[in-house]
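Asks: Residue numbering for the sequence shown follows the working numbering, beginning at 18 and increasing consecutively. Backbone N, C-alpha and C fix where the C-beta goes; we use that ideal spot for every residue, glycine too. In this text the structure is predicted, and so the values were computed from the model without any measurement.
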Amino acid sequence: MPKRATNILLVLAIIMLGGLLWSRAILSISMGLMAIYAIYYFKKNNADLFSPLFIWCLSPLLLAFIGIYQAGFTEANLSFLLTLIVYPIAGITAIAGEKFAFSKTISQPWIHAALIALLYPFGWLVLHASEAFELYGQGRTLPVFMDTDHVRFSIFLCSALLFTLLPISNARYKKTSFIVLLGAILLLAVRTGWVIAAIIVAGYGIYYLKSKTITNRNRTRNILIVIIALITVLAITPTVQQKIRYTLYDWNTYNTKGYDSTYSDGVRRAINTVAWKAISEDHATSIGWSAIPSALQQKFTQVWNGQHTQYGWPFNQWLFWWMGSGWWGMFLFTAWLFYPAWYGYKHKNPYLIIWTLAIAFSCLVETTLNYQYGVLLHVWPIVVCWNKKIATPKIEVAID
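(1) What does a CB cutoff of less than 7 Å around A214 pick up in its chain, not counting 5 residues either side in sequence?
(2) In whole angstroms, give me the CA-to-CA distance for K116 and F332.
(3) Do the CB positions of G140 and P367 come within less than 8 Å of each other?
(4) Determine the burial state of E298: buried for a count of at least 16 other Cβ atoms within 10 Å of its Cβ, exposed for fewer.
(5) Where does L26 land, buried or exposed, given buried means 16+ other C-beta within 10 angstroms?
(6) A287 to V197, Cα distance in whole Å?
(7) Provide the residue span of the alpha helix (DSSP H) that contains H167, from first to last.
(8) Out of Y388, A149, L394 and A131, which has the shortest C-alpha to C-alpha gap to F195?
(9) Among the candidates I102, Q259, P77 and Y271, whose CA atom is the shortest distance from the CA of A52?
(10) Helix, strand or coil, according to DSSP, for P331 in the structure here?
(11) On the three-pair Cβ rule with 8 Å, is the region 383–398 touching the region 92–107?
(12) Measure the beta-carbon distance from L70 to I112 and round it to whole angstroms, keeping in mind my assumption that it falls under 8 Å.
(13) Check whether the region 157–164 and the region 121–129 are in contact - that is, three or more C-beta pairs closer than 8 Å.
(14) Whose C-alpha, out of W338, K365, Y362 and N404, is nearest the C-alpha of T77?
(15) On the criterion of 16 or more Cβ atoms from any shown chain inside 10 Å, does H167 qualify as buried, or is it exposed?
(16) Does the Cβ-Cβ distance between F180 and W127 come in under 8 Å?
(17) How is S278 classed by DSSP in three states: helix, strand or coil?
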């Protein structure tokens, strides 16, 4: 039975990853199949439903009602609930599959899928080199899977990067995968991916240095090697240089000309500024999820002299929760978001801390958890890393 259950879980994981990369419909179907699998084996194993993991995964659905009661079950509110339902599905699947090598069964095909997914942007780069560098110069990047959602795709690569550090598979293969994924994240030139990769490398590096007996001389040498390698990469990678130049140009354009819908950072700054003005000046708080788009667009027209925007959410998860559920809803959301980091600290699990901080950073510049891709890329790495068997990892297995 354990072997059969593990194989079924592996097949479902492959379907989920296939949907993640190529088809939202298949991705949604895979969540339904995961729910059926989880409920069946949960009953069979008499697993503990009231574990901290499941309570944490169930909480988003309950918190969502803080912004639903204002307008009821509108189409927008139902869509938000359906997005968040992935959390309890992932939680109960992790609990039901704990006896079936859940973390290993999910994380290994996850790494494989990330490596396979890189063939598309890398192949496109080789075949369209001149066009690719034009895109880089415009602040854009290569075409990718996941409906060309570059931010979420970079988060996906970073989650696979984190999985290569888990002490649950072959060390040599993991080292190679780590190097390939890290190089790909730099090459794609998505700044959210850069920062998350830096959080992963820095967080794991700190844990490694604290956990492993190492002389001060070797510690200094290792730190110098990392710093020199980072400076070298930044100096010789054209995509990094072009992205940095574009960022500086984008910010300067916003500071001198104001809002321009054709740029990236300027749009984010404008929308978030408008959201803050709506909160502070118009007291547009606790208005419910479905009322946010109209409130944001109305305030945008006032602030930017009659201009209109297509965006219905701020580019910041906390501003979204503040507008939809009030400051107390935003507080509850924050406590929920950072709970895995506290749990990881308490149980000496650095991976939970790292991924919580990574997603929290993305929420500063995106409403990451309002999207199907974002929710999936938040919760599945969390439930994989929550596993008790990797709470106190053996450093020498993962590194040496």
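Replies: Taking the coordinates as given:
(1) C175, L178, L199 and I202
(2) For K116 and F332, the distance between alpha carbons rounds to 40 Å.
(3) Their beta carbons are not under 8 Å apart, which means G140 does not touch P367 by this criterion.
(4) Taking a 10 Å sphere around the C-beta of E298, we find fewer than 16 other C-beta atoms and assign the residue as exposed.
(5) buried
(6) 36 Å
(7) Where H167 is concerned, the enclosing alpha helix (DSSP H) stretches over H167 to F180.
(8) Of the candidates Y388, A149, L394 and A131, the one whose C-alpha sits nearest the C-alpha of F195 is A131.
(9) I102
(10) It is coil, neither helix nor strand.
(11) Output reads yes: the region 92–107 touches the region 383–398.
(12) 6 Å
(13) no
(14) Contrary to the premise, residue 77 reads as Pro rather than Thr in this sequence. Residue W338 is the option with its Cα nearest to P77.
(15) With 16 or more other CB atoms across the displayed protein chains lying within 10 angstroms of its CB, H167 is buried.
(16) yes
(17) In the displayed model, S278 falls within coil according to three-state DSSP, outside both helix and strand.
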